[in-house]
Amino acid sequence: MAKTQSKIASIANLLGNIFLFVLKIISGLIFSSMAMIGDAINSLSDILSSAIIHYSINISSKDADENHPFGHSRSEPIAALISALIMWVLAFQIFQNGIIRIINKETLNFSPILVNILIFTMILKFFLFLYSDYVSKKEKSPGLKAGAYDNLNDILISLIALIGILINHFLNIYWFDTLAGFIIAAWIIRVGYKLLRENIDYLMGKKPDKRLIEELKHEAKTIKGVEGLNDVFAQYLGSLIQLEIHVEVDKKLKLEEAHDIGKKVKLKLEERKDINNVFVHIDPK
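Okay, here's the thing in structure tokens:
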């Protein structure tokens, strides 16, 4: 199943993050701003995450093959797990550097350039969030969804960095810039934890929520000849759903007629972008 828009969105996020990382790391080093460097490291984690997500979307969009009969949909939650671990490593690096900075009583060299870069970052990230969130919902992509909400988190992180820099400069509190860096690192750890928890559920075959299962039942019942449903079993196979459904049909029907009804149910449900495979069992009624 092709995911053209997901691929475009992941590339847009990747290029945007590369551009922002270069801006932030250069300005952070030149003006010795721990908050800006922390924001730059966050952008670096975004670059790695965007690259991994883009790669995983390419893999997950491949058709099933002999070695992967149910497709490659597990690649997206695996990518999200890797992204979360990378975020944790970089966050702890921020803490380590910040502690050294406070001990040495280092502070930033203020410049309006820092403020302008952070404001620009927040505007760009807002538009990337809107686009990525729209595509992730349309194409049911957890990897891109993670990237979308990471953009939203980045807005808050850049705002924290901006506040830290301004207070450090105007109130002359030398450690406030570093404190902003610590807050950013803590936020990165929190986001990483949420990604880990959500995507481990995907890999462990979590059951979809009740509302979604009821929606699938309703679609199956719209097929002519379906007189009822017995059992419905669903689990996540990576980012997509694997479904087993027991369909009741008139016991007087010929075998071929009952089979055709089951096939129509299967094809109807597999039209959905969040479905990997549907197994239909026919029960006579």
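Our numbering puts the first residue of the sequence shown at 27, with every later residue one more than the last. No residue lacks a Cβ here, since even glycine has one placed at the ideal position from N, Cα and C.
Boundaries of the beta strand (DSSP E) in which Ile271 is found, first to last residue
266-275
Alpha carbon to alpha carbon, how far is Phe152 from Ser167? Give it in angstroms, no decimals.
19 Å
Identify whether Ile287 lies in helix, strand or coil by the three-state DSSP scheme.
Of the three classes helix, strand and coil, the one that applies to Ile287 here is helix, per DSSP.
Give the range of the alpha helix (DSSP H) segment to which Ile143 is assigned.
Going by DSSP, Ile143 is part of the alpha helix (DSSP H) stretching over 138-165.
Which residues in the same chain as Leu74 place their Cβ atom closer than 6 Å to its Cβ, once the five residues preceding and following it in sequence are excluded?
Here the set comprises Ile112.
By the DSSP assignment, the alpha helix (DSSP H) with Asn225 in it spans what residues?
202-229 is the extent of the alpha helix (DSSP H) around Asn225.
Looking at the unbroken alpha helix (DSSP H) that takes in Asn123, where does it start and where does it end?
101-129
Check whether chain B comes within 9 Å of Ala77, counting only Cβ atoms and requiring the distance to be less than that.
Any reference to chain B falls outside this structure, which holds one protein chain only.
Can you name, in chain order, every residue of its own chain whose Cβ lies under 6 Å from the Cβ of Glu297, other than the five neighbours on each side?
Within the same chain, Glu297 has no close Cβ partners at all.
Buried or exposed for Pro310, please, with buried defined as at least 16 other CB atoms from any protein chain shown within 10 angstroms of its CB.
exposed
Should Arg237 go down as buried or exposed, given a rule of 16 or more other Cβ atoms within 10 Å for buried?
exposed
Go through its chain and collect everything with a Cβ distance to Leu295's Cβ below 7 Å, but skip five positions before and after it.
Leu242, Glu245, Ala246, Leu269, Ile301, Val304
Would you list the residues sitting across from Asn68 in a DSSP beta bridge?
Asn68 pairs with nothing; no bridge assigned.
Using a threshold of 9 Å, state whether the C-beta atoms of Ile108 and Ala211 are closer than that.
no
Could you give the residue range of the alpha helix (DSSP H) that holds Val48?
30-56
Give the range of the alpha helix (DSSP H) segment to which Ile239 is assigned.
236-247
Ile52 versus Ile199: straight-line alpha-carbon distance, rounded:
23 Å
List the residues that DSSP assigns as beta-bridge partners of Asp180.
Asp180 pairs with nothing; no bridge assigned.
Contact test: Leu140 Cβ vs the ligand SAM heavy atom, cutoff 8 Å:
The ligand SAM is absent from the structure shown, which contains no ligand whatsoever.
Taking the alpha-carbon positions, what's the Ile44 to Asp180 distance?
14 Å
Write down the C-beta distance between Ile143 and Leu49 rounded to the nearest angstrom, noting that I regard them as a contact closer than 8 Å.
Right, their Cβ atoms sit about 5 Å apart.
Helix, strand or coil for Gly173 per DSSP?
helix
How about Ile183 and Asp286: do their beta carbons lie closer than 9 Å?
no
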